[in-house]
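Residue numbers (our numbering): 180 to 543.
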């Protein structure tokens, strides 16, 4: 646990310094001051190092070791469904001949992409960096590595989406599809989140999500029967979804619901904070519905990877709901609540503790 706490301290301190020494005239399109590059890279190095040297930390560690050795022992470069990912593993094997390099490379890439995305999207860089760690997104990336890598690419491409630069965005999505084909569901959500928050379209989406939750087995069965029976998600996950499976931690659902409720109650105030606030709220709603379904089966939590990350941009806007004299207290309260959220989940979720390293160190 001490490793994770030190990492959080490094992130908070140096992200704050990155803002303290930032050029106030260097702003992103969302009117946020871009962090100082030098100080920003210190949290990147810290998070990348911790992700790189872990050993059998996270529920997916063994699965990715198996994927690495399948790719390395294959005569073909492009195998399976995610052909670019398998090719990348083959390349890593040819250069380093060690699966530890795979964890180091992908762990570092996820961090770099995520932090640069925050720099380009957030108007409260240090606050969003804290939430990136404390809301468990960084630690969750120890599992579902392929999906987190693709998710961070799409997160970084968010300004392209807002600016309707589809000629650049579409080729990136195609490449991502061959890294992890689940990105297609993210693209489908693109057509939903552009709508007004709390409008008719989103009301229909919420009603549909609740209906699927209430009638889970028949709804999933109908979806699978309508989808291509040879499709990856029908063949790979169809039976799994219909079987009883352990649901996601209920605390994750509670945390997913809170931003949605606040956004509904204080929508008028939030509209003044950012031009893209409707999109951020809608992403949060989609995430809440997926986490609701995840209480039925954990698999839906994997799909939420694409959407819950936007809460680290949305939640800091809640501070501006309050009068200026109360904002420091509200910000401190959010810091405290999410610190305890992280502390609780680290002990019970995703086999993140004890933290073991490739050097043989063991931190309970």
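Positions of the beta carbon are idealized from the N, C-alpha and C atoms, including for glycine.
Being a predicted model, the structure only gives us computed values, none of them experimental.
Segment limits, alpha helix (DSSP H) that includes residue i
i           : result
residue 359 : No alpha helix (DSSP H) contains residue 359, which DSSP labels as neither H nor E.
residue 486 : 484-487
residue 279 : 278-300
residue 560 : In the structure as shown, the chain begins at 180 and stops at 543. Residue 560 is therefore absent and cannot be evaluated.
residue 322 : No alpha helix (DSSP H) contains residue 322, which DSSP labels as neither H nor E.
residue 494 : Note, residue 494: premise wrong, no alpha helix (DSSP H); not H, not E.
residue 529 : Counting along the chain, residue 529 falls outside any alpha helix (DSSP H), and DSSP gives it neither H nor E.
residue 431 : 429-444
residue 311 : 304-313
residue 180 : First-last for residue 180: undefined, no H or E at that position.
residue 390 : 379-393
residue 338 : 337-341
Exposure label - residue i; buried when at least 16 CB within 10 Å
i           : result
residue 298 : buried
residue 545 : The displayed coordinates of the chain run from 180 to 543. Any statement about residue 545 would go beyond what the structure contains.
residue 407 : Unreliable placement is indicated for residue 407, whose pLDDT of 48 sits below 50; the coordinate value is still reported in the next sentence. Exposed, since its Cβ has fewer than 16 Cβ neighbours within 10 Å.
residue 415 : Caution applies to residue 415, whose pLDDT of 49 falls short of 50 and renders its modelled position unreliable; the model cannot decide the point.
residue 269 : buried
residue 409 : Annotation note: pLDDT 46 at residue 409 (below 50); position unreliable, coordinate value reported separately. Classification for residue 409: exposed.
residue 490 : buried
residue 541 : exposed
residue 397 : exposed
residue 533 : exposed
residue 198 : buried
residue 236 : buried
residue 213 : buried
residue 206 : exposed
residue 286 : buried
residue 391 : buried
residue 460 : buried
residue 551 : This structure gives no information on residue 551, because the portion of the chain shown stretches from 180 to 543.
residue 183 : buried
residue 508 : exposed
residue 488 : buried
Beta-carbon gap between residue i and residue j smaller than 8 Å
i           : j           : result
residue 321 : residue 288 : no
residue 381 : residue 432 : no
residue 219 : residue 294 : yes
residue 304 : residue 272 : no
residue 296 : residue 234 : no
residue 281 : residue 240 : no
residue 186 : residue 201 : no
residue 283 : residue 330 : no
residue 300 : residue 492 : yes
residue 262 : residue 357 : yes
residue 347 : residue 339 : yes
residue 189 : residue 227 : no
residue 276 : residue 326 : no
residue 465 : residue 497 : no
residue 258 : residue 250 : yes
residue 318 : residue 525 : yes
residue 435 : residue 467 : yes
residue 442 : residue 376 : yes
residue 440 : residue 309 : no
residue 342 : residue 209 : no
residue 537 : residue 279 : yes
heavy atom of the ligand FAD below 7 Å from residue i C-beta
i           : result
residue 196 : Among the ligands in the structure shown, none appear at all, so the ligand FAD cannot be discussed.
Is the region 361-375 in contact with the region 444-456, if contact means three or more CB pairs nearer than 8 Å?
-> no
Taking 8 Å as the threshold, find out whether the region 499-513 comes into contact with the region 383-391 through three or more Cβ pairs.
-> no
Write down every uninterrupted run of the alpha helix (DSSP H) in the region 225-279 whose length is 4 residues or greater and which is fully enclosed by it, in chain order.
-> 240-251, 262-275
Please determine if the region 515-524 and the region 309-324 are in contact, where contact requires at least 3 C-beta pairs separated by less than 8 Å.
-> yes
Per the contact definition of three or more C-beta pairs closer than 8 Å, is the region 477-489 in contact with the region 353-370?
-> yes
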